[in-house]
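Numbering (my numbering), first residue to last: 1126 to 1461. We put the CB at the ideal spot given by N, CA and C, even for glycine. Being a predicted model, the structure only gives us computed values, none of them experimental.
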Amino acid sequence: MATNKHATIRYHALDQCFSNPGRKYYIEDLIEACNNALYEYTGTLDGIKRRQIFDDIKFMESEQGWSIPLDKVREGKRVYYRYSDKNFSIKKQAINESEANQLKETLSILNRFKGMPQFDWMEEMLVRLESTFNLKTTINPIIDFEQNPYLKGLNFFSELFNAIHYRKVLNVCYQSFKQENPIEICLHPYFLKQYNNRWFLFGLNETKNSISNLALDRIIEVNEVNKQFIENEIIDFEEYFDDVVGVTVTENQKPIKILLQISNELFPYIESKPIHGSQKIKERTSESVIIELTLQLNYEFISLVFSYGEEVTVIEPEELKTIIKTKAEKVFKNYI
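As structure tokens, then:
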């Protein structure tokens, strides 16, 4: 859990203590209350120190906090804490400067999604938040998410998302790269997945009685069909892609062992961003590293290996060596 979330939990725990006129809260009691509150949220005892509580109180008393009206009542050598105004609570106050800054940062991040059809609801929410809290975000963005605003098919996203959520059968007019003319597919939609800046729809193809994978940028038209929706009782999409790179899964095909020789120049990038979850080092030499992968051969994986050029050599299987060699020969012929 983020540190600022911990702080928020402590502030509200302290506020509850200060608001209770029926009990005297000494520093030890405040520490215990904060630790108990954190335990309820995290399940662990972080062991808050006295200094942290004093810093929290100082912040809550400041203008950046809530300017709390706190009495520090000395009783012998000890001090207990409570609000001088019995009706005061930070829950009743407007957001403070720190909260406003955090909200501004959040709005700046959320603004990156404006214009995306799946987040069309967000634009109204942003306007309401900016208006309510006077938080117009004019600062330069400090974060950017990879996206392609020119990608076709995004206009179908919300409709497809809703069809999955509400279990609606769809008739999809689809133009595959491999076919000359578009085809009609009766689809029971189950899942949306993004890969390499493209979105893909997965569902039961009623004609084939198997799972189909449709790229949104190849969809021409979508219409709802008045049919009984067939529930997905077979595929767990959290595990469906475990044996592949990308989105192309071949049913009943077992993953195979693949050995790749990676140059020392490229390997740091492969190590920091693994090709696949099964990746492990088999051998190191002065010039290269051999890695082992266990997965299905598919278009996305082959394209990825080929994109590394001379920095990667396929050791096995022979099938993959032949594919990469053939592609390389075709590229070579283009420059003769």
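Item	Value
What are the boundary residues of the beta strand (DSSP E) that includes Thr1438?	1437-1441
Val1369 and Leu1420 - do their beta-carbons sit closer together than 8 Å?	yes
Roughly how many angstroms separate the alpha carbons of Arg1292 and Gln1319, rounded to a whole number?	21 Å
With a CB to CB cut of under 8 Å and the five nearest residues on each side skipped, what residues in its chain are close to Phe1302?	Arg1343
Rounding to the nearest angstrom, what Cα-Cα distance links Met1126 and Cys1159 in this structure?	Note that Met1126 scores 37 on pLDDT, short of 50, meaning its location in the model is unreliable and no value can be drawn from it.
Excluding the 5 residues preceding and the 5 following Ile1289 in the sequence, name in chain order all residues of the same chain whose CB lies nearer than 6 Å to its CB.	Pro1314
Could you have a look at Ile1193 and say whether DSSP puts it in helix, strand or coil?	coil
Enumerate in chain order the residues of its own chain whose CB-to-CB distance from Glu1376 is below 8 Å, with the five nearest sequence positions on each side excluded.	Ser1335, Ile1336
Put Gly1147 into one of helix, strand or coil per three-state DSSP.	coil
Could you check what DSSP says for Ile1395 in three-state terms: helix, strand or coil?	helix
For Val1369, does the three-state DSSP call read helix, strand or coil?	coil
Can you give the beta carbon distance from His1401 to Leu1418, rounded, assuming they're within the 8 Å contact cut?	5 Å
Can you tell me whether Asp1181 is buried or exposed? The criterion is at least 16 other CB atoms within 10 Å of its CB, across all chains shown.	buried
Mark Leu1276 as exposed unless 16 or more other C-beta atoms lie within 10 angstroms of its C-beta, in which case mark it buried.	exposed
In the structure shown, what three-state DSSP assignment does Arg1203 receive?	strand
Where does the unbroken alpha helix (DSSP H) through Ile1152 begin, and where does it stop?	1152-1167
Quick check on the DSSP output: the beta strand (DSSP E) that includes Ile1345 runs from which residue to which?	1344-1350
With burial defined as no fewer than 16 other Cβ atoms inside 10 Å of the residue's Cβ, what is the status of Asp1367: buried or exposed?	exposed
Please report how far the alpha carbon of Arg1176 lies from the alpha carbon of Ile1193, in whole angstroms.	19 Å
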